[in-house]
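Encoded as structure tokens, the structure appears first; notes follow it.
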Amino acid sequence: MRKLGTIGNMGQPMPDIPIDPGNDCLARFAAGKTPKYLYARFSQVVRCDPHTPPVCHTPPNDIVFKLTQDDHLPCVFMYNQSGWIVTLYFAFDAPPVTYLQLQDALGYLYFSDFVPTPVDEGYVFHNDLQWCGEIECAHGGIGIVTWTDHATEILTSLNMAKANDLFMGLHPTDNDRLVYKFCKLKDATNIKILYDPRNYEVTGTLVPDVTGTYNPRISYNDKPSYEITTTQWFIWWDGIDTWNISTAPGIQGTN
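With the sequence shown counted from 1, adding 32 to any position gets you my numbering.
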């Protein structure tokens, strides 16, 4: 069984600014919806023997890389700084493919995955590199690419706003679903949300466990389900069509 992957330490900053638009990449995005920046992270990538090849570095696990859209190739996004090159490519092939690669400045490979579809945000890539060779410096592990659309939708559902001190981290589960974690140092906010794009009926009763931690499944017929665990927020479901969140009992925010 694959371990729970941690993507990001504090996570990715989520300042209250609009997503920068880029040039159209119609291999993945609708017209006018291509972001200029994507964010890639890797976890559990294992370094080969540092002497084979003799320049292998420690893989940059749990670091956020900000990828910028290529000025001439709108479906190519790249980070090339600090000795690392991260490339994401949505290709017009038959079928269309998505390619994620991590290499060092000398061209040695640490992560590579081809997926035969234009992937959704938050798709969990799995490293195709499974052994060490002349050009491979690492093997195993997972990668994720985001552009904050999902996280923004979740924040809206929680009646939370982006802020300079708000950070978002991702934790893939064994079945490749994603746990979104939102943290704010100033008020000790620490919320984890399991994102599942499938639809569910509303079931169950929302009650705290013995530690006071709420662990509900809040579900909709026409929206993704959200499963939330938090010790800083009070969350409850009215049993019909509304769920509520607040920072203190009796102070109700509704969505």
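By construction, the Cβ of each residue, glycine as well, lies at the ideal position given by its N, Cα and C atoms. No experiment lies behind these values; they were computed from the predicted model shown.
* If you drop the 5 nearest sequence neighbours on each side, which residues of the same chain put their C-beta closer than 8 Å to that of G64? -> For the purposes of this step, residue 64 is taken as residue 32 along the sequence shown, with counting starting at 1. Only P53, D56 meet the Cβ criterion.
| said: So for A183, helix, strand or coil by DSSP? | reply: Position 151 of the sequence shown holds residue 183. A183: helix per DSSP, three-state reduction.
Give the secondary structure of G175 by DSSP, where H, G and I count as helix, E and B as strand, and everything else as coil. One-based indexing of the sequence shown puts residue 175 at position 143. In the structure shown, G175 sits in a strand (DSSP, three-state: E or B).
* Grab me the residues of T90's own chain with a C-beta within less than 6 Å of its C-beta, minus the 5 sequence neighbours each way, in chain order. => Translated into positions along the sequence shown, residue 90 becomes position 58. Here the set comprises R79.
Using DSSP's beta-bridge definition, name the partner residues of T139.
Translated into the one-based positions of the sequence shown, residue 139 becomes position 107. For the record, residue 139 in the displayed sequence is Gly; it is not Thr. Secondary-structure assignment with DSSP links G139 through no beta bridge to anything.
Review point. Just how far apart, CA to CA, sit P128 and A62?
Key: Here residue 128 refers to the residue found at position 96 when the sequence shown is read from its first residue. Here residue 62 refers to the residue found at position 30 when the sequence shown is read from its first residue. Looking at the two C-alpha atoms, the distance is approximately 15 Å.
Q. Cα separation between D206 and K224?
A. As a working note, residue 206 is residue 174 in the sequence shown. As a working note, residue 224 is residue 192 in the sequence shown. Approximately 16 Å between the Cα atoms of the pair.
Looking at C-alpha atoms only, which residue of H158, F124, R60, V177 is the closest neighbour of F290? Residue numbering for the chain in the displayed model covers 33 to 287; residue 290 lies beyond these limits and cannot be assessed.
| said: Can you tell me whether A72 is helix, strand or coil according to DSSP? | reply: Counted from its first residue, the sequence shown places residue 72 at position 40. DSSP places A72 within a strand segment (E or B) once states are collapsed to three.
Compare the C-alpha of N112 against each of Y142, A123, T100, L226 and name the closest.
-> The residue labelled residue 112 in the question sits at position 80 within the sequence shown. The candidate whose alpha carbon is nearest that of N112 is T100.
- [ ] Below 8 Å CB to CB, which residues in the same chain sit around V211 once its five sequence neighbours on both sides are set aside?
- [x] Locating residue 211 in the sequence shown gives position 179, where the first residue counts as 1. Once the five neighbours on either side are set aside, the close Cβ partners of V211 are L202, H203, P204, T205, K224, I225, L226, Y227.
Proximity of L161 and L120 at Cβ, strictly below 8 Å:
Within the sequence shown, residue 161 is the residue found at index 129, counting from 1. Within the sequence shown, residue 120 is the residue found at index 88, counting from 1. No.
Quiz prompt | I95, DSSP secondary structure in three states | solution = Walking along the sequence shown from the start, residue 95 turns up at place 63. DSSP places I95 in coil when its eight states are reduced to three.
Worksheet item: Tell me which same chain residues have a C-beta within less than 6 Å of the C-beta of T235, skipping the five on either side of it?
Response: In the sequence shown, residue 235 corresponds to position 203, counting from 1. At T235 the pLDDT is 35, less than 50, meaning the model places this residue with poor confidence and gives no usable figure here.
Checklist entry - Rounded to a whole number of angstroms, what is the C-alpha to C-alpha distance between E153 and A59? => result Within the sequence shown, the letter at position 121 stands for residue 153. Within the sequence shown, the letter at position 27 stands for residue 59. Spanning the two alpha carbons is a distance of roughly 14 Å.
Determine the DSSP secondary structure at H104, reduced to helix, strand or coil. The count along the sequence shown starts at 1 and reaches residue 104 at position 72. The three-state secondary structure of H104, taken from DSSP, is coil.
### Message
For Q110, which residues in the same chain have their Cβ closer than 8 Å to its Cβ, ignoring the five residues on either side in sequence?
### Response
By 1-based counting over the sequence shown, the position of residue 110 is 78. In the sequence under discussion, the amino acid at residue 110 is Met, which differs from the Gln named in the question. For M110, where only same-chain residues beyond five positions count, the Cβ hits under 8 Å are L99, T100, D102, I117, V118, T119, L120.
### Task
Express the C-alpha separation of A193 and F124 in angstroms, rounding to a whole number.
Working through the sequence shown from its first residue, we reach residue 124 at position 92. Working through the sequence shown from its first residue, we reach residue 193 at position 161. Each residue's alpha carbon lies about 36 Å from the other.
Q. What's the C-alpha gap between D208 and H104?
A. For the purposes of this step, residue 208 is identified with residue 176 of the sequence shown, where counting begins at 1. For the purposes of this step, residue 104 is identified with residue 72 of the sequence shown, where counting begins at 1. Between the alpha carbons of D208 and H104 lies a gap of roughly 33 Å.
Open item on the list: Taking the alpha-carbon of Q135 as reference, which of D94, C107, E185, C88 has the nearest alpha-carbon?
Closed with: Position 103 of the sequence shown, counted from the start, is the residue given in the question as residue 135. It is C88 whose Cα lies nearest to the Cα of Q135.
Among T180, D145, G165, the one whose alpha carbon lies nearest that of D81: The sequence position of residue 81 within the sequence shown is 49, counting from 1. Among T180, D145, G165, the Cα nearest to that of D81 is on G165.
* Work out the CA separation of V108 and V147 for me, nearest whole Å. => Position 115 of the sequence shown, counted from the first residue, corresponds to residue 147. Position 76 of the sequence shown, counted from the first residue, corresponds to residue 108. Near 15 Å, if we compare the C-alpha coordinates of V108 and V147.
**Message:** Can you give me the C-alpha to C-alpha distance between S75 and H158, rounded to a whole angstrom?
**Reply:** Within the sequence shown, the letter at position 43 stands for residue 75. Within the sequence shown, the letter at position 126 stands for residue 158. The alpha-carbon atoms of S75 and H158 are separated by roughly 10 Å.
Legend entry - Beta bridge counterpart(s) of W116 as assigned by DSSP: On the sequence shown, residue 116 is found 84 positions in, with the first residue counted as 1. For W116, which the question treats as bridged, DSSP gives the partners Q113, D136.
Helix, strand or coil at V151 [DSSP, three-state]:
For the purposes of this step, residue 151 is taken as residue 119 along the sequence shown, with counting starting at 1. When DSSP states are grouped into helix, strand and coil, V151 belongs to the coil group.
Using the three-state DSSP reduction, which class does F124 fall into: helix, strand or coil? In the sequence shown, residue 124 corresponds to position 92, counting from 1. When DSSP states are grouped into helix, strand and coil, F124 belongs to the coil group.
* If we ignore side chains and look at the alpha-carbon of each, how far apart do T66 and W179 end up? -> Here residue 66 corresponds to residue number 34 of the sequence shown, with the count starting at 1. Here residue 179 corresponds to residue number 147 of the sequence shown, with the count starting at 1. Between T66 and W179, the C-alpha separation is close to 10 Å.
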